[in-house]
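Structure record follows, encoded as structure tokens.
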Amino acid sequence: MPPLSTEKVRPLCIWIVHRILMTLKGMDALEKKKSKHVVAPAINWLIATLHDAVAFGYTTEKAEQGQSSDPFTLSSGISDTCFSDYGFAWTPHGTYARDLAHFVERFGFTPHESIIAATYGMAKLFMRSHEMGQIKVGNYADCLVVDGNPLKDITILQNHDLLNIIMINGRVHKAGAKEYVIPTQGLTGIHSTTN
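Quick note: the sequence shown, position 167, residue 167 per the UniProt record's numbering, numbers continuous.
Structural data, given as structure tokens:
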């Protein structure tokens with residue numbers, strides 16, 4: 001895929017996907033209007049295509065044709081969000097947390113900034129930041145309970161076994177037995193296992 005040739009950022013455009021394919025002149029235009037746009041670099045697709053797609057018949061040479069001159073930098077102050085193309089054999093659905101790690105490893109984000117890009121950044125993209133993307137009263141309750149600290153190691157979000165509870169809109173979507181079952185040891189009475 002050739003670099004995007006659009007050199008002007010149109011006023012009605014709020015979301016720019018595949019920022020990695022923009023020319024430097026296009027990035028300069030974006031920088032001037034950075035508060036009006038949400039940018040999704042779609043970095044996982046590029047990295048996975050460069051490193052993992054060969055096993056599926058997509059050559060490295062073909063992948064390299066889609067790169068811009070400097071795909072691994074983001075401009076400061078632009079509202080970034082974690083988003084990429086998933087559903088290819090080398091970017092399967094359910095591996096979305098790779099983007100968070102790329103933001104840390106490639107763009108110099110802290111794990112906290114990466115999580116904000118994936119949550120609040122997406123809420124801004126959908127113009128729902130007043131009710132999504134933050135933990136606060138009245139917002140949709142979409143939460144993860146993780147066995148570990150993603151602020152110390154963002155890659156733990158890629159391990160599905162460490163995602164103990166997934167809550168979507170206030171309802172438990174996934175929970176392990178230890179999170180979902182009330183412990184009965186030491187209880188007395190009608191529900192006790194010792195009676």
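A virtual CB, placed ideally from N, CA and C, is assigned to each residue, including glycine.
> For Gly87, which residues from the same chain have a beta carbon less than 7 angstroms from its beta carbon, with the 5 sequence-adjacent residues on both sides left out?
Replying inline: His93, listed in sequence order.
> Does DSSP classify Ile135 as helix, strand or coil?
Replying inline: Ile135 falls in the coil class under three-state DSSP.
> Rounded C-beta distance between Asn44 and Arg106? I'm assuming under 8 angstroms.
Replying inline: Between Arg106 and Asn44 the Cβ distance is about 10 angstroms, and since that is not below 8 angstroms, they are no contact.
> Where does the unbroken beta strand (DSSP E) through Val54 begin, and where does it stop?
Replying inline: First-last for Val54: undefined, no H or E at that position.
>> Can you find the residues in the same chain that come closer than 6 angstroms, C-beta to C-beta, to Phe109, ignoring five residues on each side of it along the sequence?
In response: Same-chain partners within the cutoff: Phe103.
> Helix or strand or just coil, what does DSSP make of Arg106?
Replying inline: Arg106 falls in the helix class under three-state DSSP.
> Where do the ends of the alpha helix (DSSP H) carrying His173 lie?
Replying inline: Per DSSP, His173 lies in no alpha helix (DSSP H); the unbroken beta strand (DSSP E) holding it starts and ends at Arg171 to Ala175.
> In whole angstroms, what is the alpha-carbon distance linking Gly176 and Ile166?
Replying inline: Linking Gly176 to Ile166 through their CA atoms gives a straight-line distance of about 10 angstroms.
> Is the beta carbon of Pro111 less than 7 angstroms from the beta carbon of Leu151?
Replying inline: Going by C-beta atoms, Pro111 is nearer than 7 angstroms to Leu151.
>> If you reduce the DSSP assignment to three classes, tell me which class Met27 lands in.
In response: Here Met27 carries a helix assignment [DSSP, helix/strand/coil].
> What does Phe83 pair with, by DSSP beta-bridge criteria?
Replying inline: When beta bridges are read from the DSSP output, Phe83 appears opposite no residue.
> Is it right to say Ile115 is buried, meaning 16 or more other beta carbons lie within 10 angstroms of its own, or is it exposed?
Replying inline: Under this definition Ile115 is a buried residue.
>> Beta-carbon within less than 6 angstroms of Gly133's beta-carbon, same chain only, minus the 5 sequence neighbours each way: which residues are those?
In response: Thr119, Tyr120 and Ala123.
>> Let me confirm a value: Ala141 is counted as buried when at least 16 other C-beta atoms fall within 10 Å, else exposed. Which label applies?
In response: Taking every protein chain shown into account, the CB of Ala141 has fewer than 16 other CB atoms within 10 angstroms, so this residue is exposed.
> Going straight from the alpha carbon of Ser84 to that of Lys178, what length do you get?
Replying inline: Those two C-alpha atoms are separated by around 33 angstroms.
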